[in-house]
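Residue numbers (the working numbering), protein chains in the order written: chain A, 407 to 509; chain B, 14 to 144.
Backbone N, C-alpha and C define an ideal beta-carbon position, used for all residues, glycine too.
A quick note: this is a predicted structure, and the numbers were derived from the prediction, not measured.
Here it is in structure tokens:
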């Protein structure tokens, strides 16, 4: 499991690599929750190296979107692979998440 | 068929059954393996999560190739619950700061399956899935 935070051009980039599943979602959720306490910017999830996501991972996306909405900020997703993209899309999350072509 | 004892086996170990199936039988089939792992994870974690409430003690798991699909069967004891006939209310709740998280597991399992069936017989629950 890889989780990296990087502040770039006034945006918090959260890179999650490999898998985002039942086994690691809680740990990642807690780390992101802690990071967001001291951050008031938009968030981009860099999924360029994310191979897999399940419903446990979706909870992180919705939590982050809710958290940012309270600040009037947004959440975007960068380069999800076709299956990760499909899960996010089927769940209807692109009604509140954006896709971005650059970070 | 592999029997998983719900009180003594971890979800991590039980997830390896599907992981090993993909590694041994579906090399280079990345998209299919993604769907198998997703459906398997969602149904397995659901069985584990509700095992205390339903009084389930074991789940027998079988995975096999069938024509152009992979069949996953879960047979488990305990009280009855039809996962194919359940839609969590959180799925349809509009997005807001107060939207409750979760509720998408069985929904994703259904969406990424070709067939998703449930039958209760002789005191056991049987979930049959084709991916």
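Output yes or no for whether 8 Å exceeds the beta carbon distance between residue i and residue j.
i             : j             : result
residue 484/A : residue 470/A : no
residue 35/B  : residue 49/B  : yes
residue 99/B  : residue 121/B : no
residue 423/A : residue 463/A : no
residue 509/A : residue 473/A : no
residue 70/B  : residue 19/B  : yes
residue 466/A : residue 500/A : no
residue 56/B  : residue 140/B : yes
residue 84/B  : residue 143/B : yes
residue 117/B : residue 492/A : no
residue 73/B  : residue 128/B : no
By alpha-carbon positions, which one of the options ends up nearest to residue i?
i             : options                    : result
residue 138/B : 109/B, 93/B, 122/B, 120/B  : 93/B
residue 88/B  : 130/B, 126/B, 38/B         : 130/B
residue 476/A : 118/B, 108/B, 27/B         : 108/B
residue 26/B  : 40/B, 42/B, 54/B           : 54/B
residue 415/A : 468/A, 449/A, 503/A, 486/A : 449/A
residue 457/A : 468/A, 431/A, 487/A, 419/A : 487/A
residue 31/B  : 78/B, 90/B, 63/B           : 78/B
residue 478/A : 445/A, 490/A, 489/A, 412/A : 445/A
residue 95/B  : 113/B, 67/B, 105/B, 132/B  : 132/B
residue 110/B : 441/A, 455/A, 468/A        : 468/A
residue 430/A : 496/A, 440/A, 408/A, 417/A : 408/A
residue 482/A : 490/A, 504/A, 494/A, 496/A : 504/A
residue 455/A : 432/A, 489/A, 495/A        : 489/A
What in chain B is Cβ-close to residue i, meaning under 8 Å?
i             : result
residue 458/A : 47, 50, 51
residue 501/A : 108
Over the uninterrupted alpha helix (DSSP H) stretch that includes residue i, give me the two end residues.
i             : result
residue 437/A : 431 to 442
residue 474/A : 461 to 475
residue 118/B : 118 to 124
residue 488/A : 488 to 496
In chain A, what lies closer than 8 Å to residue i by C-beta?
i             : result
residue 94/B  : Per Cβ cutoff of 8 Å: no residues; residue 94/B is ~17 Å from chain A at best.
residue 143/B : What residue 143/B touches in chain A: nothing, since even the nearest Cβ is about 18 Å away.
residue 55/B  : 460, 461
residue 124/B : 496
Quick one: which chain D residues come within Cβ less than 7 Å of residue i?
i             : result
residue 464/A : Protein chains A and B are contained in the structure displayed, whereas chain D is not.
Could you check where the beta strand (DSSP E) with residue i kicks off and where it finishes?
i             : result
residue 424/A : 417 to 426
residue 132/B : 128 to 134
residue 453/A : Residue 453/A -> no beta strand (DSSP E), and no H or E assigned at all.
residue 505/A : 504 to 506
residue 483/A : 481 to 484
residue 411/A : 408 to 414
residue 142/B : 137 to 143
Below 7 Å on C-beta distance, what does residue i contact in chain A?
i             : result
residue 22/B  : The contacting residues do not exist; residue 22/B stays about 14 Å from chain A at best.
residue 112/B : 468, 472
residue 40/B  : In chain order: nothing, as chain A lies at least about 15 Å away.
residue 58/B  : 428
residue 25/B  : 429
Check the Cβ of residue i against every Cβ in chain A and list those closer than 9 Å, keeping chain order.
i             : result
residue 121/B : 460, 461, 464, 493, 496, 497
Below 9 Å on C-beta distance, what does residue i contact in chain B?
i             : result
residue 476/A : 110
Problem set entry | Complete runs of the beta strand (DSSP E) confined to the region 19 to 102 of chain B [at least 3 residues] | Whole beta strand (DSSP E) segments, 3+ residues: 71 to 79, 82 to 89.
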